[in-house]
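The sequence shown begins at 92 in the working numbering and counts up by one.
Glycine included, C-beta positions come from ideal geometry on N, C-alpha and C.
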Amino acid sequence: MSSTYSYIAIEGNIGAGKTTLARLLSERLEAHLILEEFADNPFLPDFYKDRERYAFPLEMAFMADRYRQLNESTVFNDLFGTSVVADFHPFKSKLFAGRNLPEKEYALYRTFFDSLFRNLPRPDLLIYLDVPVSMAQENIRKRGRSYEQEIPDAYLYNLQEAYHSFIHQVDIPVMFIDKREIDFINNPERLESLLHAILREHPRGFHKIEV
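Below is the structure:
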């Protein structure tokens, strides 16, 4: 299977299934896979215990890690045109920071972000996995990361609101997948139809995928 897109980013709330789809898509496309290294962030467990105290170092650490991953990846200079699939969009850093940081800290954060990410490659396709908060919480419980088990619904609703605003503002094609309607994990036929629908050439803007 081939793609007209060179850099595909997958986004969605915590527990939406981003990494799962990224792995499936990269395998089918024989694409280079970039997965977010969230487990290496030393502030993450502390953040869920005391958000106000640890939000700024958490977001700075995430931004530094995402920048390093994208900046050090040689695949973007591949002369043979290998596609890239990532389970995060670079703008995710600003989206989370905007929800987690107070105004003055966020202003400082934006300065660093805009300077670091200005010249990095940007996705030419965004896939957004939409899940209700109840489904996200169920997935969070299933994967069993101890520091995530006490995430309140209100925090996930807050992120969902930010994502819904973001996906209507980007200037690339956005493929919106409602996971209540499309089970691509347990249904291989739906996955095949989904991938073909996603990888067609699409104009810029929001597109809801129905298969």
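- Taking each of Tyr219, Arg295, Asn132 in turn and checking the Cα distance to Ala100, the smallest one comes out for Tyr219.
- DSSP, read as helix, strand or coil, puts Asp141 in coil.
- Between Glu127 and Phe203, the C-beta gap is not smaller than 8 Å, which leaves the two residues out of contact.
- In the same chain as Gly108, and ignoring 5 residues on each side of it, the C-beta atoms closer than 8 Å to its own belong to Leu220, Val222, Asn230, Lys270, Ile276, in chain order.
- Taking C-beta atoms under 8 Å as the contact rule, Leu161 and Leu216 fail to qualify, at a distance of about 16 Å.
- The beta carbons of Tyr139 and Tyr238 sit about 5 Å from each other, so the pair counts as a contact at 8 Å.
- Close CB contacts of Pro136 within its chain, under the 8 Å cut and outside five residues either way in sequence, are with Ser237, Tyr238 (chain order).
- With fewer than three CB-CB distances shorter than 8 Å, the stretch 109-118 does not count as touching the stretch 188-208.
- For Asp269, the secondary structure class from DSSP, reduced to helix, strand or coil, is strand.
- Cβ contact annotation for Tyr158 (same chain, cutoff 6 Å, sequence separation greater than five): Leu207, in chain order.
- Going by beta carbons, Ile263 and Leu285 fall outside the 8 Å limit.
- Between the C-alpha atoms of Phe182 and Ala146 there is a straight-line separation of about 17 Å.
- Secondary structure of Ile289 (DSSP, three-state): helix.
- For Asp221, the enclosing beta strand (DSSP E) begins and ends at 216-221.
- About 7 Å separates the beta carbons of Ser97 and Val175, which is inside the 8 Å limit, making them a contact pair.
- Annotated as proximal: Phe267 and Phe297, with beta-carbon spacing under 8 Å.
- Its chain contains Ile273, Asp274, Phe275, Val302 as the residues whose beta carbon lies nearer than 8 Å to that of Arg281, once the 5 sequence neighbours on both sides are disregarded; these appear in chain order.
- With contacts defined as CB atoms closer than 8 Å, Tyr246 and Leu186 fail to qualify as a contacting pair.
- A direct Cα-to-Cα measurement between Pro294 and Leu120 gives close to 21 Å.
- The three-state reading of DSSP puts Ala155 in helix, counting H, G and I together.
- Straight across, the Cα-Cα distance linking Val265 with Ala288 is about 12 Å.
- Among the bridge pairs identified by DSSP, His259 is matched with none.
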